[in-house]
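Enquirer:
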Amino acid sequence: MKVILATNDFNYEGRYERICEMVNSFIKRGRFEFYAFCTGEEETESDIISFLRVGEGFGIRECLSYARYVVGEERFFLVLEKNAQKTDYAKMLKSHLENGCGITVGAIGVKGDAWENTGVFIVESEYLDTIDEIDSFERDIVVPCAESGELNVFFSNKKAST
Numbered sequence: 085m086k087v088i089l090a091t092n093d094f095n096y097e098g099r100y101e102r103i104c105e106m107v108n109s110f111i112k113r114g115r116f117e118f119y120a121f122c123t124g125e126e127e128t129e130s131d132i133i134s135f136l137r138v139g140e141g142f143g144i145r146e147c148l149s150y151a152r153y154v155v156g157e158e159r160f161f162l163v164l165e166k167n168a169q170k171t172d173y174a175k176m177l178k179s180h181l182e183n184g185c186g187i188t189v190g191a192i193g194v195k196g197d198a199w200e201n202t203g204v205f206i207v208e209s210e211y212l213d214t215i216d217e218i219d220s221f222e223r224d225i226v227v228p229c230a231e232s233g234e235l236n237v238f239f240s241n242k243k244a245s246t
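One gets this note's numbering by counting positions in the sequence shown from 1 and adding 84 to each.
#1: Of all the beta strand (DSSP E) runs that stay within the bounds of the region 117-147, which reach a length of 3 or more residues?
#2: For K86, which of E158, F94 and D93 has the nearest alpha-carbon?
#3: List the residues that DSSP assigns as beta-bridge partners of A90.
#4: I think I144 touches T91, with their Cβ atoms under 8 Å apart; what is that distance to the nearest whole Å?
#5: So what does F205 bridge to, in DSSP terms?
#6: Please report the straight-line C-alpha distance between D172 and R113, rounded to a whole angstrom.
#7: Rounded to whole angstroms, what is the Cα-Cα separation between L136 and Y119?
#8: Along the beta strand (DSSP E) that carries N236, what are the first and last residues, could you check?
#9: From N201 to V163, what does the alpha carbon distance come to, in whole angstroms?
#10: Which whole runs of the alpha helix (DSSP H) in the region 207-231 are 4 residues long or more, in chain order?
#11: State yes or no: is the C-beta of I187 within less than 8 Å of the C-beta of V204?
#12: Report the rounded CA-to-CA distance for T123 versus I103, giving the unit in angstroms.
#13: Assuming V138 and F121 are in contact, meaning their beta carbons sit under 8 Å apart, how far apart are those beta carbons, in whole angstroms?
#14: Looking only at its chain, what residues have a beta carbon closer than 6 Å to the beta carbon of S245, apart from the 5 residues adjacent to it on each side?
#15: Considering only heavy atoms of the ligand FAD, does any lie closer than 7 Å to the CB of N201?
#16: For the candidate residues I218, E105 and A168, whose alpha-carbon lies nearest to that of G190?
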């Protein structure tokens, strides 16, 4: 399964260490293909992660616009890399498939109580069909998905161990 690591900030302190941390948390739990983005100003090379060049000033929406060509017709994990928190990816995928929803968002907390978005999503590829026409992934895709009953929230009471 493909994992897309996206960001609005390509120059934050410790970015490549953060990407490696998230990739390592996935590798421990299965077989994945990893894609992240770079602006081309930095030297980026990896055997495990395919880096896709994007323009300076690009954000998550633009990354997802490129990603739709990478994911094709497949569902994929989307990791909002800067603030993402680890979760149990296998259980999250199982929940996504069992609920037959369009998007699953990882959450830390308890159902029916306050919870925190982990910044990790599972997205069915058709949700990227309108990506060039929107401003915000969460506001313009995730919220309408929730309003139509197609959003699944995967609850984890605590962060997954690394």
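From the three backbone atoms N, C-alpha and C, an ideal C-beta is built for every residue, glycine too.
Expert: Inspection of the coordinates gives the following:
#1: Counting whole runs of 3 or more residues, the region 117-147 contains the beta strand (DSSP E) stretches 117-122 and 133-137.
#2: Checking every option, the nearest Cα to that of K86 belongs to E158.
#3: Note: A90 sits in a beta bridge opposite L164.
#4: Correct: roughly 7 Å between the Cβ atoms.
#5: DSSP output for F205 lists L162 and V189 as bridge partner(s).
#6: So the two alpha carbons sit approximately 8 Å from each other.
#7: One C-alpha to the other measures close to 7 Å.
#8: Boundaries of the beta strand (DSSP E) around N236: L235 to S240.
#9: One C-alpha to the other measures close to 11 Å.
#10: Runs found: 227-231.
#11: No.
#12: Cα atoms of T123 and I103: separation of roughly 15 Å, rounded to the nearest angstrom.
#13: That belief holds up - the Cβ atoms of V138 and F121 are roughly 5 Å apart, short of 8 Å.
#14: Note on S245: pLDDT 44, under 50, position unreliable in the model; the coordinate value appears next. Counting only Cβ-Cβ distances below 6 Å, and skipping sequence neighbours, we find nothing.
#15: Inclusion of the ligand FAD in the displayed structure is not the case, the ligand content being empty and no account of it being possible.
#16: Ranking I218, E105 and A168 by Cα distance to G190 puts A168 first.
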